[in-house]
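Under numbering that gives the first Met the number 0, the sequence shown has 168 at position 169, and the numbering climbs by one with no breaks. C-beta: ideal position from N, C-alpha, C; glycine also. One structure is given here, and the rest of the page talks about it.
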Amino acid sequence: MASFDPTAQRIVPEPTVIGPDEVESLHTWGFRDTRFVARPDGVVVLEGSRYELSGQELPDLLPWAQKTFHPDFAPDNLFLPEGPPRIPAPRRNPAFSEELRKGFAEDQLCEDDEVRLRHGHGHTQEEMYAIKYGRLARVPDLVVYPTRDEQVEQLVEAALRHGVVLIPYGGGTNVTDALRCPTGEERTIVSVDMTRMNRVRWIDPVDQTACIEAGAIGRHINQVLARHGYTIGHEPDSVEFSTLGGWVATHASGMKKNRYGNIEDIVLDVRVVTPQGVLERLATTAPRESVGAADTRRWVFGSEGCLGIVTSAIVKVFPLPEAQVYGSLVFPDFESGTRFLYELERAGDVPASVRLVDNMQFQLSQMLKPRATGAKKLKSAVEKLFVTKVKGFDVEKMSACTLVYEGTRDEVAAQQKRTHAIARKYGGIAGGAENGKRGYALTFGIAYLRDWVMNHYLIAESFETSVPWRQVADLCEGVKQRLREEHAKRGLPGSPYITCRITQLYESGVAVYFYFAFYFKGVPGDPSEIYSEIERAARDEVLRRGGSLSHHHGIGKIRREFVPRIASAGTRRIARRVKEAVDPSNVFAAGNQLYAPEDGSA
């Protein structure tokens with residue numbers, strides 16, 4: 000236990016240096032050196048070396064995909080992009096560019112076509128399909144990389160003077176069309192890439208706070224804080240590539256929120272540059288205040304780049320846990336696992352991360368296991384025999400729960416004991432720490448799957464919601480059934496892949512992720528648009544069955560049409576008035592969520 004020493008000096012970490020091995024792909028998810036490939040012999044491999052799954056042979060994945068999706072899913076059945084899409088020429092504003100050159104270096108201004116394209120999209124399936132097999136009608140005309148607060152202020156002031164649009168850009172990981180440029184925008188569009196403002200400016204060991212610039216990427220924040228014995232505790236699925244500013248702007252949630260909280264629990268203060276001036280605290284950041292609209296966070300959480308640019312935030316930090324232990328449980332079915340989660344939440348002191356997958360997602364995780372040999376192969380066979388024969392679990396119904404415990408050794412031991420006792424009441428059996436660690440790590444590896452399967456005529460996407468406890472089962476089954484009906488109604492080939500998992504627990508309910516995919520070879524029309532139609536139907540079903548419009552992804556443009564179903568006319572009117580007051584010239588014209596025109600014209 001640390002002793003109280005109010006004289007302890009703030010820590011000023013060294014600037015973050017991005018290594019040559021951290022180059023990200025301009026056209027697909029993640030790092031440039033990592034991708035799934037299917038060899039001619041049918042074995043799938045994740046190329047690269049940065050993940051536990053990397054380089055491992057996955058002999059079961061392709062046969063399972065052929066059985067689950069379509070028998071023609073094969074290594075030589077390819078739907079490859081013909082080349083980079085045609086990129087619109089930049090619409091220049093010479094006076095604006097000339098003013099910028101007075102305060103920015105040449106390498107901070109970029110008109111490269113591929114860079115502009117990358118800054119014009121996130122990672123929805125529509126965007127990924129468009130850049131592979133079609134085109135984006137509008138992309139940013141210029142990408143600017145500020146390195147300090149003053150440059151962001153200069154940029155906003157210049158945009159106001161010269162009639163230029165600004166769209167903030169962090170890691171580019173959003174899945175809501177939030178970065179897509181409005182096609183009817185005639186003004187010059189500038190993407191403001193914040194990733195050169197990536198410093199942890201200071202860490203206060205007494206107050207356990209830190210000041211971090213908005214462009215800092217999650218993996219770098221974790222590395223810098225860990226070197227000094229701390230963690231921010233915020234780990235969204237995109238933590239490797241998303242930024243602090245993006246977390247604030249989308250009202251993000253992380254996998255370990257049970258211990259550390261969501262982004263609104265972690266952020267104590269935020270600095271934002273708007274067309275009306277800088278929003279910042281002029282006094283010391285306090286642990287809590289009752290100051291109404293003077294609390295900048297209320298303006299900024301979930302604003303999705305429509306009110307200004309986040310430049311930095313003061314956040315809580317936590318000492319690195321004394322113990323970090325992984326675990327896993329297997330349940331006879333998803334319903335039993337859900338009842339376990341309910342009692343676990345009611346018991347309190349929940350493990351840092353608790354995630355329950357349904358049977359279809361459990362099957363996929365099993366197919367992503369590397370080829371087992373020797374003792375590992377024998378151990379796997381014995382485990383399967385015990386679960387299916389001794390315990391009587393049906394392989395077509397069983398579900399799995401992965402757990403991460405963090406805290407003192409005593410806290411972790413107590414959580415483990417309580418968790419396993421509750422699990423036994425619902426037929427759960429321990430699956431081991433190795434499977435828990437592997438399940439947690441798979442979050443990062445399987446993110447690369449979607450780009451691979453799209454090259455084999457399979458289009459896939461995820462979407463999330465939150466829902467009260469009493470409606471969890473009804474919502475999960477209702478949405479799955481709606482997806483099956485929509486797939487059948489269109490006469491699509493093969494079988495749809497429909498699955499869900501519970502990812503976050505609350506006293507009043509849970510967050511649920513759905514995954515949907517279908518085989519599209521030979522389908523008339525645009526498969527991406529067909530997918531979007533089905534996803535909109537699924538979102539309609541989510542709302543009909545009591546789910547939220549979004550839990551942590553945000554609204555962006557992709558869910559904008561549903562806003563009238565979750566927000567009253569008065570709410571929408573006030574949101575637009577806020578936008579008009581803060582940004583009357585519509586400099587931040589991304590056109591996302593409630594800040595967009597009611598007719599959706601942005």
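- T175 carries a coil assignment under DSSP once its states are collapsed to helix, strand and coil.
- Under the DSSP assignment, Q323 falls in the beta strand (DSSP E) whose first and last residues are A322 to F330.
- Contact check for E485 against I533 passes: the beta carbons are separated by less than 7 Å.
- Boundaries around W201 are those of the beta strand (DSSP E), V199 to D203, since no alpha helix (DSSP H) includes it.
- Rounded to the nearest angstrom, the gap between the Cα atoms of E46 and S241 is 22 Å.
- For I533, the three-state secondary structure derived from DSSP is helix.
- Here the alpha carbon of D59 sits roughly 8 Å from the alpha carbon of V42.
- With respect to the 7 Å criterion, H550 and T175 are not classified as neighbours on the basis of their beta carbons.
- Assigned with DSSP and collapsed to three states, E405 falls in strand.
- Distance between R186 and G245, taken at the CA atoms: about 24 Å.
- Going by C-alpha positions, E110 is about 30 Å away from R200.
- Out of P83, D40 and A1, the CA that lies nearest to the CA of A73 is found in D40.
- Cβ neighbours of S237 within its own chain (closer than 6 Å, five residues either side excluded): T172.
- It is roughly 25 Å from the alpha-carbon of A136 to the alpha-carbon of D582.
- CA-CA distance, V143 to P80, rounds to 29 Å.
- Assignment of beta-bridge partners to D192 by DSSP yields Y168.
- If you look at D268, you'll find it in the beta strand (DSSP E) that goes V266 to T273.
- In this structure, D332 is the residue among M366, L402, L482 and D332 with its C-alpha nearest to the C-alpha of G391.
- The Cβ atoms of E528 and R481 do not sit closer than 7 Å to each other.
- Note that the C-beta distance between A516 and S465 is not below 7 Å.
- Non-local C-beta neighbours of G228 in its own chain, meaning closer than 8 Å and more than five positions away in sequence, comprise P318 and L319, ordered along the chain.
- Between A248 and V309, the beta carbon gap of about 6 Å places them in contact (Cβ cut-off 8 Å).
- The DSSP-derived three-state label of P318 is strand.
- Around the beta-carbon of K315, 16 or more other beta-carbon atoms lie within 10 Å, marking it buried.
- Using a 10 angstroms sphere on the CB of P19, the tally of other CB atoms stays under 16, which defines it as exposed.
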